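Just so you know, we're using numbering that gives the first Met the number 0 here: the sequence shown kicks off at 0 and counts up by one. Heads up, the beta-carbon is just placed ideally off N, CA and C, and yes, glycines get one too. Note that the coordinates shown come from a computational prediction; the quantities given were computed from them, not determined experimentally.
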Amino acid sequence: MIVGIVAVGTVVAGLLHEPQPDPITIPGCAEVIQPEDSVRVNYAFAIEGDADNSEVPWRFDSKAQSMTDALIAALPTGATVEPEPFAPTFGFDAGAVRQSLDGQADALGTVTVGNRTGTLTVTVGLSDQPAGPCFAGFVDQRSTQSDGTVLDIQDSTHTTRVVASAIDGTRIDVNAKGVLTLEQVIDIALAPGLRASTPA
Numbered sequence: 000m001i002v003g004i005v006a007v008g009t010v011v012a013g014l015l016h017e018p019q020p021d022p023i024t025i026p027g028c029a030e031v032i033q034p035e036d037s038v039r040v041n042y043a044f045a046i047e048g049d050a051d052n053s054e055v056p057w058r059f060d061s062k063a064q065s066m067t068d069a070l071i072a073a074l075p076t077g078a079t080v081e082p083e084p085f086a087p088t089f090g091f092d093a094g095a096v097r098q099s100l101d102g103q104a105d106a107l108g109t110v111t112v113g114n115r116t117g118t119l120t121v122t123v124g125l126s127d128q129p130a131g132p133c134f135a136g137f138v139d140q141r142s143t144q145s146d147g148t149v150l151d152i153q154d155s156t157h158t159t160r161v162v163a164s165a166i167d168g169t170r171i172d173v174n175a176k177g178v179l180t181l182e183q184v185i186d187i188a189l190a191p192g193l194r195a196s197t198p199a
């Protein structure tokens, strides 16, 4: 009788024990935060260790304009862009940066390339923190360029996003929805004129 009780208990315990999924790996990432762990982490693509608006060069009109010029030049040949309804023009606004708390500069617009139209958001900030671990579900691939720039890539059916962490501390977040290929988004993220260390 005792043997029967032990046997039944073993079966029940086996049924209640759920096998753990294999850890997710991400190409190029040495450390990956798993989905079950990410709920305990206040995660966002936003920049960690943000500089305030008194420390960023794009608080000056000349730098904001040169960054806008660099962004437009990095768009695919033949692309057209319209600003969002609340913005007078497409590009970075130094006045908005000076009024912000995080010192980030944003450019938002609707881009048309050939027969595809979608939205493009580019956010540039400054951080003293290196690229951290990759978060499963948010990063599909990490790539390190020859100059040390780290690219975190998310590429899905409708959204392509690349966050570039440059060695001068610039973080460039390029998010395209419904338009632009991965290569085109990477071209924008790597545009030298968007970096803090590039003179206006």
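Residue i, buried or exposed, once every other Cβ within 10 Å from all chains shown has been counted against 16
i: A130; result: buried
i: R194; result: buried
i: G102; result: buried
i: G113; result: exposed
i: A188; result: buried
i: R115; result: exposed
i: S196; result: exposed
i: T76; result: exposed
i: L150; result: buried
i: T169; result: buried
Span of the alpha helix (DSSP H), counted from its first residue to its last, around residue i
i: T67; result: 60-73
i: V96; result: 93-98
CB-CB length for residue i against residue j, believed under 8 Å
i: F66; j: V123; result: Inspection of the sequence shows that residue 66 is occupied by Met rather than by Phe. That belief holds up - the Cβ atoms of M66 and V123 are roughly 7 Å apart, short of 8 Å.
i: T143; j: I166; result: That pair is no contact at about 11 Å.
i: L70; j: A190; result: 7 Å
i: V121; j: L179; result: Their Cβ separation, rounded to whole angstroms, is 11 Å, which puts V121 and L179 out of contact at 8 Å.
i: A135; j: I25; result: 7 Å
i: F89; j: V80; result: 5 Å
Beta strand (DSSP E) segment containing residue i, residue limits
i: E81; result: 79-82
i: V110; result: 104-112
Identity of the residue in the options nearest residue i by Cα
i: S53; options: G94, D186, P26; result: G94
i: D127; options: P34, A50, T24, C28; result: A50
i: V172; options: A106, G117, Q140, H157; result: The displayed chain sequence assigns Asp, not Val, to residue 172. Of A106, G117, Q140, H157, the residue nearest in Cα terms is A106.
i: T158; options: R170, Q33, D92, L181; result: L181
i: Q183; options: P56, R58, A73, D60; result: A73
i: P22; options: C133, R141, A63; result: C133
Residue i CB to nearest heavy atom of the ligand FAD below 7 Å
i: G94; result: Only the bare structure without any ligand can be found here, which leaves the ligand FAD out of the picture.
Could you name each continuous beta strand (DSSP E) segment of 3 residues or more that falls completely within the region 120-196, going from the start of the chain to the end? The qualifying runs are 140-143, 149-154, 158-164, 169-176.
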